[in-house]
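Protein chains: 2
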Amino acid sequence: MALNQTQLLSKMVIGDGHGESSPYFDGWKAYDENPFHPTHNPNGVIQMGLAENQLTSDLVEDWILRNPEASICTPEGIYDFRAIANFQDYHGLPEFRNAVAKFMARTRGNRVTFDPDRIVMSGGATGAHEVTTFCLADPGDAFLVPIPYYPGFDRDLRWRTGVQLIPVMCDSSNNFKLTKQALEEAYKKGKEDNTRVKGLLITNPSNPLGTVMDRNTLRMVVSFINEKRIHLVCDEIYAATVFSHPGFISIAEILEEDTDIEGDRNLVHIVYSLSKDMGFPGFRVGIIYSYNDAVVHCARKMSSFGLVSTQTQHLLASMLNDDEFVERFLAESAKRVGQRFRVFTGGLAKLGIKCLQSNAGLFVWMDLRHLVKKPTLESEMELWKVIIHEVKINVSPGSSFHCTEPGWFRVCYANMDDMAVQIALQRIRTFVVQNKDVMVPNKKHCWHSNLRLSLKTRRFDEVMMSPHSPIPQSPLVKATI
Amino acid sequence: MALNQTQLLSKMVIGDGHGESSPYFDGWKAYDENPFHPTHNPNGVIQMGLAENQLTSDLVEDWILRNPEASICTPEGIYDFRAIANFQDYHGLPEFRNAVAKFMARTRGNRVTFDPDRIVMSGGATGAHEVTTFCLADPGDAFLVPIPYYPGFDRDLRWRTGVQLIPVMCDSSNNFKLTKQALEEAYKKGKEDNTRVKGLLITNPSNPLGTVMDRNTLRMVVSFINEKRIHLVCDEIYAATVFSHPGFISIAEILEEDTDIEGDRNLVHIVYSLSKDMGFPGFRVGIIYSYNDAVVHCARKMSSFGLVSTQTQHLLASMLNDDEFVERFLAESAKRVGQRFRVFTGGLAKLGIKCLQSNAGLFVWMDLRHLVKKPTLESEMELWKVIIHEVKINVSPGSSFHCTEPGWFRVCYANMDDMAVQIALQRIRTFVVQNKDVMVPNKKHCWHSNLRLSLKTRRFDEVMMSPHSPIPQSPLVKATI
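Residue numbers (full-length UniProt numbering), protein chains in the order written: chain A, 1 to 481; chain B, 1 to 481.
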């Protein structure tokens, strides 16, 4: 950029605080340039970097057709058009807030209740995190965030707020579990750097780990933030993706039920969204639920910058208020996510690839530590480049989640149909077969040095997927499918 | 707020930078507490503080019923549900961007074109202004803004960005026209305060004046910002509300057609919205159109905080792409706004109340200078309190628009039906009749000191509007209706 421009624009335009230069987003670009399609582009990149839930759209479509009055664009619902199109109160439609509060309770097993008057809208979880940060911290202040963490947090919490993130170390030695010691160390580091630590951000269920926090850890977290008098922001946007035991425990449950914990509710704030649990990322429904009146008040004013379209509020108010539908949807959704998880991780296991044990999220934390040449992040990136450019799957390297242990990758599995999953597994199999000498888990070894060449000479997609030739399925392929 | 809380939260929560304590918003609250309804609450406050366009909903409703495939919630459109609900690319749906670019050209007489690749989404014009400011200025920098200006700008441009606004003086001596001299003085003031002036914000058509800028003024503005090397942000959200000559001239037209103006396009940015021109404030469609590549790029990243719901994008893509509909809608909309303007200002004129001559917006700039006790803002507020609490109309005092000349009020007239307008005029008439001794325009005089009492003893609504008694219309009433 010319010096002239540099002087004219803000530092944000000039800088790279957005964090889009991360391989997390680079992978998306690689996918965008050559996206897989079963017939139009069978050799394209399969997008496994997107934590999207496409497994339940049919349930929603069915509901919509049975409830035409829920939309302002049908003969049955048009009578509400005028009022809805014109409604711009930042409190949101009362029926929307009520329905969201009820849905939040249900996705937490109805063991807790949420007050509709504390429901604040925002532009997705992205907007919710930024608004919450603007309310809790001033520029230069810091939040503690356990690693690995969602790459978007660098944008959401830091970029326009000027707030810093201090990583809290978690690693595979205890399955990436958050410990008191790690929290203390991160807090101490902030103090040593003369940074005002204002809060702790956790994701539960975890993105990218897919794990849920146990009750003891949550209690420890609540004790910790009370002891330090800092805020706790709980990102619970994957609440309804938990598909097996142990069940999900919301921070709300700890606050409501654990009478033996002395805690100040004013310090606790939940970020929620319908992007993952309902599979509506396009609808941009973010929710801030704060137990702090001043934060509710201020966040609501800030919500003017990212309100939910009333067309969408109106539709979801009806949908989420239909108890019978919600009950069936949540049960079926968890079932389908679990099935997909078992198919995918089962397929990987047969290839000798392990994942961190998990039971939530729309992804797995895949362990390829035995495939990185050296235990460095550079080697992880080399492997990632092979995976995206040669294996043609977009997965996200651990380093983009600030993981310090090379060789972990987040792989999303719910944003595609069954066939795409099988093709992805086939591609991984081919990769594994061609590198079988190194595929001994936990044996530190390099991937085959002429992998690039060998893949180029035998493009498995061309053999396996060409519509012009019969697919010569090997016994191995059959075994996996 | 307890000291404890003060330390825990951000300065934004503690401060009042949002500007919600303005009478502009206070008036809304007074309305909210006692809203007028023709049958349920005929003595309630009539909301004339909301620049909303409710005159054309029937045209849109009609289109929606004739185009069921445009919605993802109809049997005809459900097939797109999955793809639309899941679409989260911050570039927006290509068909949406194309349709908006086309619509923007049409609302500017098709004398200019807009590049769909420069269309950036945001959460309403509110979000658009904040994003643009974040891109153009750093905390402490300043924007020049001609007064009177929309009260929301204090929130949108200043609050979270830390940017300052320097007023550019405009007054009734030349019908509030923006002059080079006033711009120079404001710029000089910024320099004297050691503030880095980064841009100029104009609204055209003007909110709150309802006037359009002439070609010479626009040329002067372009020369000025180029001379100073500062940005120009043009808020053109009322483009399609112009109902009579002179027609609207977009800044885009000056850039495209005026070859004799040496100008750097990189300095010019347009904020647009569908809240006013289409009457969809609830849908939260804000648009940033920048001629500067770096700003487009950065603003698009920032749009993640306030994307338009894809449900809404999808519907509007079809609607705005229907040339025949748009043509008819725009013509009919301008016609209806013009009719309403004439009815309302005609009614006021018969009562001896003048407004600034205007031909756009959804409001008039009403001149009550002869009714303020003293030429002070305190007196203006006294009069405003009488208007809202006794006359029971929520209008917005000039001071909330940072107008320095006491006695001007913005009155919105397009957010209600014909009957509500007549009731508002009746209320004003009663007020005028009871204060007829002071109703000689331009004669500095006070309003009747026992007005409060007199209104209480004879509540005109109760007489005029009670469903239990026939309405005793006076000849004056008939003459006005």
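Idealized CB from N, CA, C, for every residue including glycine.
Using a Cβ-Cβ distance cut-off of 8 Å, the stretch 393 to 404 of chain B and the stretch 314 to 333 of chain B are not in contact, since fewer than three pairs of beta carbons, one from each stretch, lie closer than that value. Between B/T113 and B/I249, the alpha-carbon positions lie close to 13 Å from each other. Excluding the 5 residues flanking it on each side, B/F153 has same chain C-beta neighbours closer than 8 Å at H129, V145, L165 and L201, in chain order.
Pairing A/M12 with A/R158 gives a Cβ-Cβ distance that is not under 8 Å. If you look at B/A294, you'll find it in the alpha helix (DSSP H) that goes D293 to M302. At a cut-off of 8 Å between C-beta atoms, B/N98 does not count as an interface residue with respect to chain A. In this structure, B/N394 sits away from B/Y150, with a CB-CB distance that is not shorter than 8 Å. Going by beta carbons, A/A70 and B/F280 fall outside the 8 Å limit.
Residues of chain B with a Cβ closer than 7 Å to the Cβ of A/K11 are, in chain order, D138. B/V145 sits in a strand when the DSSP states are folded into three classes. As DSSP reads the structure, A/I166 sits in a beta bridge with A/L144. Under DSSP, no beta-bridge partner is assigned to B/P406. For A/P35, the pairing in a beta bridge is given by DSSP as A/V45. Within the same chain, no Cβ atom closer than 6 Å to the Cβ of B/D293 is found once the five residues on either side in sequence are excluded.
Where A/K198 is concerned, the enclosing beta strand (DSSP E) starts and stops at V197 to T203. At a C-beta separation below 8 Å, A/T126 has these neighbours in chain B: S304 and F305. For A/G361, no CB of chain B lies under 8 Å from its own CB, so it is not counted at the interface with that chain. The contact set of A/T310 on chain B, defined by CB atoms closer than 7 Å, consists of G282 and F283 in chain order. Its Cα nearest to that of B/F243, the residue B/A360 stands out among B/A360, B/Y90, B/G27 and B/E76. The alpha-carbon separation between B/P23 and A/A331 amounts to approximately 50 Å.
B/N204 has a beta carbon lying at 8 Å or more from every beta carbon in chain A. Using a CB distance below 9 Å, the part of the stretch 31 to 45 of chain B facing chain A consists of D32, ordered along the chain. A/W63: not part of any beta strand (DSSP E); member of the alpha helix (DSSP H) spanning S57 to R66, first to last residue. In the same chain as A/F96, and ignoring 5 residues on each side of it, the C-beta atoms closer than 6 Å to its own belong to Q313 and A317, in chain order. Counting the other Cβ atoms within 10 Å of the Cβ of A/Y79 gives fewer than 16, which makes it exposed.
From the listed residues B/D16, B/G247, B/V364 and B/S290, the smallest Cα separation to B/M213 is found for B/G247. Going by DSSP, A/G109 is part of no alpha helix (DSSP H) at all; its letter is neither H nor E. In this structure, DSSP gives A/M366 an extended state, which the three-state scheme calls strand. Residue ranges of uninterrupted alpha helix (DSSP H) with 4 or more members, entirely inside the stretch 309 to 380 of chain A and ordered along the chain, are 310 to 320 and 323 to 350. Taking C-beta separations shorter than 6 Å and ignoring five residues to either side along the sequence, the partners of B/D141 in its chain run V163, R196 and K198, following chain order. Taking 8 Å as the cut-off, the Cβ atoms of A/S275 and A/L55 do not count as close. Contact of A/V295 with chain B by beta-carbon distance below 9 Å involves L9 and V13.
When DSSP states are grouped into helix, strand and coil, A/I230 belongs to the coil group. In this structure B/P205 is buried. Its beta-carbon is surrounded by 16 or more other beta-carbon atoms within 10 angstroms. In this structure B/K392 is buried. Its beta-carbon is surrounded by 16 or more other beta-carbon atoms within 10 angstroms.
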